[in-house]
Each structure stands twice: as C-alpha cells, then as structure tokens.
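Notes for the one structure printed next.
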C-alpha cells in the first residue's frame, strides 16, 4: 500500500486544469487522469503488513492538525527533466500551505515514514513521460480554495495508477 497526503480539487477546478492542459499544451505525452490531479503535501511511501499499526496513529495525529483554509493561484507552468513531467504550480506559496505541509511532514517523520528530504515544491502534474516538453501557449490562471486535506492511496491497475482518497481532514475554522 503506497500512501501520500495531499490536497484535492473541486470538480470545477479539475475541469479548469483539464481545459488548461488541453488548450495550452500541444504534446503527445501521457496525460495524467483528471481524477488524479492533486497537490502532494507529503509522500509516506509503501506500508507493509508489519506497519499497519502506524495507520491508526497517523489518522489520529492528522485529525488533530489545525489546518487554516487558504486559496492558491496556479499561475505558472513548468517541466522537470528527471521525472519527465509537465506541471502547473503557484508562483507564490501561501503561509497556510507552507505550515500545513510542514505539519504533515512532521507527523510522517514522527511516525518513522521514509519522508523525502528535498525542498517542497507544490505542483500539479499534468503529463508524464514527457520526452520533448511543449512550450505552453499561455500560462494558467486557476484559483483554488482549500479547506480539507486527504490521505490518499496510490493503487496500480491494468489501466494505470489511481489515487484514492482514504480519509479527508477538515480545516479548523
């Protein structure tokens, strides 16, 4: 079982992201399923049967987080060569996002999950296996509102990977 903590989007924002990708990116790369669009806060890694007891502690600690609702502007696009992805991202990270990411990462570290040490760069992956990135015809301008975060499971199947929300945690206000 592969788990991560992330931010999901409203149906309206999912549609806006999909429309942006379809109109701005002229590429034959592998499109990420619209239902898989999210912003990762913390990747927890694989959980084997010997570590299932950690899930109860994880749920307990995540439900204690005092998340503040916030909005985010997805207003820039980019490409990372090593994972070969095209993405959109915010040019400004709200303090509430930074605080939430730091808090969930601290929970994961406290429970001894193998948390990545690289700097946090919030983004939404639009395409994978991009060999020749396309220059977007225009930059995104998508406003997102967040008042929950979720625990997701990454499930591999015959049609690809699906990200399934296992638990959602509301904001404090």
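Numbering (our numbering), first residue to last: 34 to 206. For every residue, glycine included, the Cβ atom is placed at its ideal position computed from N, Cα and C.
Reduced DSSP secondary structure (H/G/I, E/B, other) of residue i
i	result
residue 141	helix
residue 128	helix
residue 83	helix
residue 176	strand
residue 118	strand
residue 50	helix
residue 136	helix
residue 168	coil
Rounded separation between residue i and residue j - CA only
i	j	result
residue 133	residue 139	10 angstroms
residue 114	residue 56	22 angstroms
residue 155	residue 94	22 angstroms
residue 80	residue 74	18 angstroms
residue 72	residue 45	16 angstroms
residue 171	residue 131	27 angstroms
residue 87	residue 144	7 angstroms
Buried or exposed (CB count within 10 angstroms, at least 16 for buried), residue i
i	result
residue 191	exposed
residue 52	exposed
residue 147	exposed
residue 176	exposed
Per DSSP, cross-strand counterpart(s) of residue i
i	result
residue 73	39
residue 195	188
Any contact between the stretch 97-113 and the stretch 178-189? By contact I mean 3 or more CB pairs, one from each, below 8 angstroms. Output reads yes: the stretch 178-189 touches the stretch 97-113.
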